[in-house]
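> Under our numbering, the residue at position 301 of the sequence shown is numbered 301, and the numbers go up by one with no gaps.
For every residue, glycine included, the Cβ atom is placed at its ideal position computed from N, Cα and C.
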Amino acid sequence: MLLAQPLAGAQAADLRDSVQHPSANTAARTAVSSQLRASTEVAEVADGGSPLLSFATVGGAGAVAAISAAFVLGDPAKRRAEQTKAAGGNEKAAVQSYFNTQGFERWSKIYSESDEVSKVQKDIRDGHAQTVDKVLALLDSSGGVKGISICDAGCGTGSLAIPLALRGAAVSASDISQAMAGESRSRYEAELAKGAAAPSTAPTFEASDLESLKGQWDTVACLDVLIHYDQNNVDGMIRHLASLADKQLILSFAPKTLYYSALKRVGELFGGKNKATRAYLHAEADIEAALNKAGFDVVHKDLTATSFYFSRLFQAKRKGGR
Ligand SMILES: C[S@@+](CC[C@H](N)C(=O)[O-])C[C@H]1O[C@@H](n2cnc3c(N)ncnc32)[C@H](O)[C@@H]1O
Numbered sequence: 001m002l003l004a005q006p007l008a009g010a011q012a013a014d015l016r017d018s019v020q021h022p023s024a025n026t027a028a029r030t031a032v033s034s035q036l037r038a039s040t041e042v043a044e045v046a047d048g049g050s051p052l053l054s055f056a057t058v059g060g061a062g063a064v065a066a067i068s069a070a071f072v073l074g075d076p077a078k079r080r081a082e083q084t085k086a087a088g089g090n091e092k093a094a095v096q097s098y099f100n101t102q103g104f105e106r107w108s109k110i111y112s113e114s115d116e117v118s119k120v121q122k123d124i125r126d127g128h129a130q131t132v133d134k135v136l137a138l139l140d141s142s143g144g145v146k147g148i149s150i151c152d153a154g155c156g157t158g159s160l161a162i163p164l165a166l167r168g169a170a171v172s173a174s175d176i177s178q179a180m181a182g183e184s185r186s187r188y189e190a191e192l193a194k195g196a197a198a199p200s201t202a203p204t205f206e207a208s209d210l211e212s213l214k215g216q217w218d219t220v221a222c223l224d225v226l227i228h229y230d231q232n233n234v235d236g237m238i239r240h241l242a243s244l245a246d247k248q249l250i251l252s253f254a255p256k257t258l259y260y261s262a263l264k265r266v267g268e269l270f271g272g273k274n275k276a277t278r279a280y281l282h283a284e285a286d287i288e289a290a291l292n293k294a295g296f297d298v299v300h301k302d303l304t305a306t307s308f309y310f311s312r313l314f315q316a317k318r319k320g321g322r
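1) Taking the alpha helix (DSSP H) that R125 belongs to, which residues open and close that run?
2) Less than 7 Å between the CB of A153 and some heavy atom of ligand 1, yes or no?
3) Applying the criterion that 16 or more other CB atoms from any shown protein chain within 10 Å of the CB defines a buried residue, is G321 buried or exposed?
4) Please determine whether the Cβ atom of D175 lies at a distance below 7 Å from any heavy atom of ligand 1.
5) So who's on the other strand from Q315, going by DSSP bridges?
6) Taking all protein chains shown into account, do 16 or more other C-beta atoms lie within 10 angstroms of the C-beta of Q216, making it buried, or fewer, making it exposed?
7) Quick one: using the 10 Å Cβ neighbour count with 16 as the cut-off for buried, is A153 buried or exposed?
8) Report the three-state DSSP secondary structure of P203 (helix, strand or coil).
9) Could you have a look at F310 and say whether DSSP puts it in helix, strand or coil?
10) Examine ligand 1 and report whether any of its heavy atoms sits within less than 7 Å of the Cβ of K92.
11) For the structure I just gave you, are there three or more beta carbon pairs, one from the segment 184-197 and one from the segment 116-129, closer than 8 Å?
12) Let me know if V103 comes out buried or exposed under the rule of 16 or more other beta-carbons within 10 Å of its beta-carbon.
13) Mark L249 as exposed unless 16 or more other C-beta atoms lie within 10 angstroms of its C-beta, in which case mark it buried.
14) Whole angstroms are fine: how far does the CA of S114 sit from the CA of Q96?
15) Using the beta-carbon count (16 or more within 10 Å), is S212 buried or exposed?
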């Protein structure tokens, strides 16, 4: 049946690239749901570089079948193993290499105003922008960021770091990808060139992985990065990020849902040539428990879900207010 068919080569390749993102697994699932839909929509998948339709739009038996097919495409463990092997056995090196090369090309375009994006990429852009706007609104509503020190860990192209700096925060932005860190610096400079007022403390943009970050900031933000850490490593990473934050931690991550677990189980029952995703999803309870253990209480939760972007936002404050 239709569902058992893998996506065509270009579609699968696009899907593989597109799934380096919190929206990824939604994307993988929805890629297949699109195969249930009209062929015009499937064509859009190929064009889009990412799959179509919200998982929520898939229902009943179709959902089960779509789930099956999605995981034929998207066995995360195998995909990760392949990429890690290509990077000499080091998974973090594989992520770094991706975000310095094709991942940089893809995501810097998505995180921009470029018209050279598909409808799907545009949807991911819009979803991500919502997450950033929510973080800015949270910080604005709690007294603003002027003079506050903020670490943006895994800053990407500076979508959060730049507006924070222009609002007067003392921003330390970093990313494992030199290309991403450089792009965020260029975009910040472009804002100044366009007439934005330079803040009294200039932001810094550095290439650094999360593990190597040292310092103390009022607030540590880490948006859509934990997807690159498995649960064994995410606890330690949250502990580390917490040790850097005097007052609050703002994290976003791809939430692990029942749907995803079902998907994974079904995927184990099928083989398939195309392996799509390397994303890790995290149970909200696990993230919250890690934050609690690190001395933080989650004070605000939000979810951004567009058709292709799916990200849970946690604002956590140090217990007892340090
Ligand atoms: C999906 S992007 C999100 C970027 C940015 N936080 C934002 O929301 O606009 C993920 C970013 O995490 C970075 N990244 C992945 N693993 C990392 C690590 N171990 N340390 C630092 N950055 C990492 C990637 O290079 C990429 O720029």
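So, from the data block:
1) 119-141
2) yes
3) exposed
4) yes
5) I250, H300
6) exposed
7) buried
8) coil
9) Note: F310 maps to strand in three-state DSSP.
10) Between ligand 1 and the CB of K92, the shortest heavy atom gap is smaller than 7 Å.
11) no
12) Here the sequence assigns Gly to residue 103, which means Val is not the residue at that position. It is buried - the Cβ of G103 has at least 16 other Cβ atoms within 10 Å.
13) buried
14) 24 Å
15) Label assigned to S212: exposed.
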